[in-house]
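Here the sequence shown stands for residues -41 to -1, 1 to 1020, numbered as in mature numbering (1 follows the signal peptide of the UniProt record, and there is no 0). Here a beta-carbon is modelled for each residue, glycine too, at the ideal position from N, C-alpha and C. First the structure, in the form of structure tokens, and then the observations on it.
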Amino acid sequence: MTANTIYRINISDRLQMKNMLMMFWISTLFLSFHLPSIVSATCPEEQRSLLMKLKEEFSMNSDIESKLSSWSTETDCCFWNGITCDSETGNVIGLDLSDCSISVGINSSSSIFNLQHLQRLNLAYNYFQFQLNTISSGFGNLSHLTHLNLSNSGFAGQIPLVISSMRNLISLDISYSSILKLQDPDLATLLNNLTNLRELLLDGVNISMNGHEWCQILVEKVPHLRVLSLSNCNLFGPIHDSLLQLQHLAHLNLGGNELSSVFPDFLTSFSYLTSLRLGGCNLHGWFPESIFLMATLQIIDVSGNPLLKGSLPEFSQASSLQVIRLSSTKFSGKLPESMDNLASLTELQLAECDFFGSIQSSFESFTDLVYLDLSSNNFSGSIPGLISSRKISHVDLSNNGFTGTIPSSFGKGLVKLKIFDLHNNSLHGMIPSSLFIHPRIEQLILRSNKLTGQLKEFENASYSLLKVIDLSKNQLKGPVPLSFFEIRGLARLELYSNFFNGTVEASMFKGLKGLTTLDLSDNNLSFITNDSDVSILSEIATFRMGSCNITQFPVFLKNSGFLFHIDLSNNRITGEIPNWIWKFADLSHLNLSRNMLHGFEKPVPDLSLITSLSVLDLHSNMLHQPFLNPPPNIVYLDYSNNKFSSTIPLNIGYSLYFAIFISFSNNSLSGELPLSLCRIGYAQILDVSDNHFNGAIPSCLALVDSLQVLKLRNNRFQGVMPRKFGEECSLRTLDLSQNHLVGVLPRSLEKCTSLEVLDLGTNQLNGSFPSWLDTLPMLRVLVLRSNNFSGLIRQSHTDKAFQMLQIIDLSSNNFQGTLPSEWFRSWEAMMKQKKESQSYQVLKVTFLELSGMYYQDSVIMTSKGLEMNFEKILTIFTSISLSDNQFKGDIPESLANLVSLKSLNLSKNHFTGLIPRTLMNLKEIESLDLSENKLSGKIPAGLATLTFLSVFNVSENSLAGEIPQGPQFNTFSAASFEGNTELCGLPLPRDCQNELPPANTSQSSRAPSSHWGIDRDFFWIGFGFGEGTGTVLGVIAGIFISNMCLSKRIGRFSCRSIRPL
């Protein structure tokens, strides 16, 4: 919640306020509705006639007619609903028409304003959609009013001056009526004559004053205030300490104003304060613990102040606190055990804070607790059983680190529980079956835990009150219980990402008339439907059935009038996309990806007419002509991995103005990229890689500041790179590899300070090494392979050069000279020993934050002697490839400092001298290629201790002496050492003179082994397995084996780039 978020008092809060401070209102209502017999006087005929006339004025409203059914000429009006009479005169002194759905029947001449003895008038919670000024003259007749309530009634405009003439007013409530303002008159003028006012509630009225002004006005005009509620009034600036002069203040609500200050400590000086609400006020600094310890305080609400820090104190048994709301703040620490002293607590909201640790408090004293929200913190340990909280109706412990099992008390003892949310924890074990037969529970949300087992059938499912069941992302197995299909009131059923198996037939849903959300995706289920299933799920709005072995479009969806989300991805649907799927007026999300669809039913739909569609995912089908111009309000568009072969419409950019994700990759699209693409004002991802586009890259694309990923790889683009990148460049990935680009790198690229991946490989770029790239603080991947770069690599002028770099590939260029040793000394990302927790972090770009989607970077580079397409770039993978250049001199000793390096390729250069012994420090190295150089001397024996080394090549050098022996070296073939005439020892056939022969080693121990494997998430390869298996490199690499290593290209694997978090 931001500081300017509208902060509203909910109905329960308002009732709480009334219950504490306006008992005379309750007494009055009690008298008028329940004890009318104590009124000795009868209602005067004149008063009754006015009320009957008022009833006629409301005759057009059927809702109020039923509520005024007791109003009859045959009975005393003092006994009518909503009427309070004076016990001596019988005059009507109270009229309560609140919550009667009144929208017409009241004007300035209405009979209400002729009830001149009225003291209390309540028109709250109605639908008056007109200016309050239009009936202002009528209020002038009600000079005896002491209580006026117009809250939440739809009135708009200026609050009329006539209100200020009601000198007897004790309570004035015009809060949240509609768009009301106080300008002429202003606050001071309104309150001029209201010196008797005890309660002032103007929530939502535009007052627009600074703290000093409104505080002074209140102190001067209404010094006896007890209730002050000015939330969302456009007040600004700190609360002035003059407010302390309101010595009797008991309730203070300033929520939703831009106070923008530290918490005002002087509030602790209010002797009678029982309720303090300052939520959403942009408060910051440290919250004083003494506020919690105020003897009179019952309600405290400072939620929605994200910069406000604090912790909970040790509470005494004398505490009166009933409501604590600290959600969306920076409160932190552990919950004190003394919370057990809060015996009167009814509501505890600590969501989205920084609390941590296990909950030591037993909560046994919380016998009156009704609402508990500890979500989105860092709590751990077991969840509290809340055995004593038998009144509790709402429990939200989601987004924490709770472990253990779910206490059975939630299913049995807490009989009033309605909402139970434990999603996104680490709970395990079985789900208590009692939760499904709970007499009151309406929402059961256990998503994203580690719950296991098979769900059992349960009795009396038709009597269950469950409306929401969300058990997604657990480890549940077995068939979906048939009992679920008997819960008549079920509105949401979400079971995705489990291990449920078996068959679910569409006909099972016949009894679920009100089901609006169904998600069975990513299980081992088969969803069976046929053409006779036409009358089921007529209310369905969200239908997610990905990976459910569906073979045809469910025809019953045609009859839903509310569909806005359809996901049929990763099924076995063939044929054409039917026309009826485009006809839903509210359709916003359509995912038909990973099927076997080949076209569109004719007539071909005109998507430009579908203004509601914001997500369209058709990737990985066999779709060809025509290429559909996208909907005008599209946000996510994926046509990738199809067979589209046309050009892109010239005006496509006009349809993509709001798009954030755009991918046409891996098709056969051709022609030039339209200039209209530069109109993508909000795009973060643009991927048109692996097509046949040609011509120049539109230079204006480099000026789209919102772009984070621009991927044009493997096309036929010509000319130079865009020369000018924007001042606000947001690029994190720029991939222009495998094209026909020429020229030098534009220096303006250094403006892209967020750049993480730069891949310009396999082009015809030239010039010297762009040393200025070392100023990019986030650069992790730099690929310039297979270009025409030349010249020397010069020492950097900064000690922070390439600090984040983890992959660099400069292979197959014309670089020359020696490698400066200092060049590697600042490469900190390759120097750090990675923690186990980092093992599977993937370099990615998150977009559409609320959807949990991200774009996964990939890069093609040479490693282990192979050309590899790294579809998942792990942040722990590090590689240096400088092969096929003209570097000379010694191999720099400083390379040994890169202790987390996984792959080093210096082959096909002119390096001389010895292999540095210090390379044995590269304990995580998996691939070391020094072949085709002019190295001499012995192979350092320490290299045999590198237990992860699976690829080693020093062939075609001038090395001499005995080949070291060790667990990994024994797996390398003779090809790794050939071309060194002075080398001897296994695996070469030459024995070493004057040395004892090596121990007999079986052929199997020396022969190179290989292993290939493919699983659902990764493509991997490992060569030469021994103690080190090369698993890190293996787990991320999609393999492309080129004729660099084999005489024949044998394959290319890739995996999908988009995956939910």
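Euclidean distance between Cα positions of K602 and S629: 12 angstroms
Going by DSSP in three states, G685 sits in which element: helix, strand or coil? coil
If you count every other CB in all the chains shown that lies within 10 Å of the CB of D664, and 16 or more means buried, which is it? By the 10 Å Cβ count, D664 comes out exposed.
Using the rule of at least 16 other Cβ atoms within 10 Å of the residue's Cβ for burial, across every protein chain shown, is F911 buried or exposed? By the 10 Å Cβ count, F911 comes out buried.
From which residue to which residue does the alpha helix (DSSP H) around C174 run? 170 to 180
Take G470 and list the residues in its own chain whose beta-carbon comes closer than 7 angstroms to its own, dropping the five residues that flank it on each side. F444, E445, R447
Near L56, what residues of its chain come up, given a Cβ to Cβ distance below 8 angstroms and the 5 sequence neighbours on each side ignored? I23, G41, N81, L82, N85
Which whole runs of the alpha helix (DSSP H) in the segment 608 to 688 are 4 residues long or more, in chain order? 611 to 614
Just verifying my parser: in three-state terms, what is the DSSP assignment at Q281? Residue state, collapsed to three classes: coil.
Can you tell me which residues form a DSSP beta bridge with L477? L452, F502
Is T871 helix, strand or coil by DSSP? strand
Who are the near neighbours of D481 in its chain, counting only those whose CB is closer than 7 angstroms to its CB and skipping five residues on each side? Excluding five sequence positions before and after D481, the CB atoms of its chain that fall closer than 7 angstroms to its own CB belong to Y455, S456, G505, S506, given in chain order.
Where M555 falls: helix, strand or coil (DSSP): Judged by DSSP in its simplified three-state form, M555 adopts strand.
Pairwise C-alpha distance: S932 and K847: 27 angstroms
Could you give the DSSP three-state label for C37: helix, strand or coil? In the structure shown, C37 sits in a helix (DSSP, three-state: H, G or I).
Nearest to P398 (by Cα), restricted to the options M389, L424, L568, L410: L424
What does a CB cutoff of less than 7 angstroms around P851 pick up in its chain, not counting 5 residues either side in sequence? L778, S780, F783
Would you decide whether Y330 is buried or exposed? Buried here means 16 or more other CB atoms lie within 10 Å of its CB. buried
Same chain only: Cβ atoms within 8 angstroms of S431, ignoring 5 sequence neighbours per side: For S431, same chain residues with a beta-carbon under 8 angstroms away, outside a window of 5 residues either side, are R406, S407, E453, L454, Y455, S456, N457, D478 in chain order.
Environment of Q413 [buried if 16+ CB atoms lie within 10 Å]: exposed
Cβ-Cβ separation, P736 to M763 (assumed contact under 8 angstroms), whole Å: 7 angstroms
Below 6 angstroms CB to CB, which residues in the same chain sit around F(-18) once its five sequence neighbours on both sides are set aside? Residue confidence for F(-18) is low, a pLDDT of 37 falling below 50, so the modelled location carries little weight; the figure read from the coordinates is stated next. There are no such residues.
Please name the residue in Q643, W30, R682, L743 whose C-alpha comes closest to that of A661. R682
Cβ-based burial, R675 [other Cβ within 10 Å; buried from 16]: R675 counts as exposed, since fewer than 16 other C-beta atoms from the protein chains shown sit within 10 angstroms of its C-beta.
If you reduce the DSSP assignment to three classes, tell me which class L568 lands in. Reduced to three states, the DSSP call for L568 is helix.
To the nearest angstrom, how far is it from the Cα of G520 to the Cα of L549? If you take the alpha carbons of G520 and L549, they lie about 16 angstroms apart.
Whose C-beta lies closer than 6 angstroms to the C-beta of L905 among residues of the same chain, with five residues either side of it excluded? I884
Using the C-alpha atoms, what's the distance from L141 back to L74? 27 angstroms
To the nearest angstrom, how far is the alpha carbon of L252 from that of L373? 30 angstroms
State buried or exposed for T837, treating a residue as buried only when at least 16 other CB atoms are found within 10 Å of its CB. buried
Buried or exposed for R753, please, with buried defined as at least 16 other CB atoms from any protein chain shown within 10 angstroms of its CB. exposed
Under DSSP, the alpha helix (DSSP H) around A147 begins and ends at which residues? 146 to 149
What residues match up with E306 in a beta bridge as DSSP calls it? V282, Y330
Would you kindly work out how many angstroms separate the C-alpha atoms of I400 and S303, rounded to a whole number? 24 angstroms
Should Y598 be labelled buried (16 or more other beta-carbon atoms within 10 Å of its own) or exposed? By the 10 Å Cβ count, Y598 comes out buried.
Which value, in whole angstroms, describes the spacing of the CA atoms of L634 and M555? 33 angstroms
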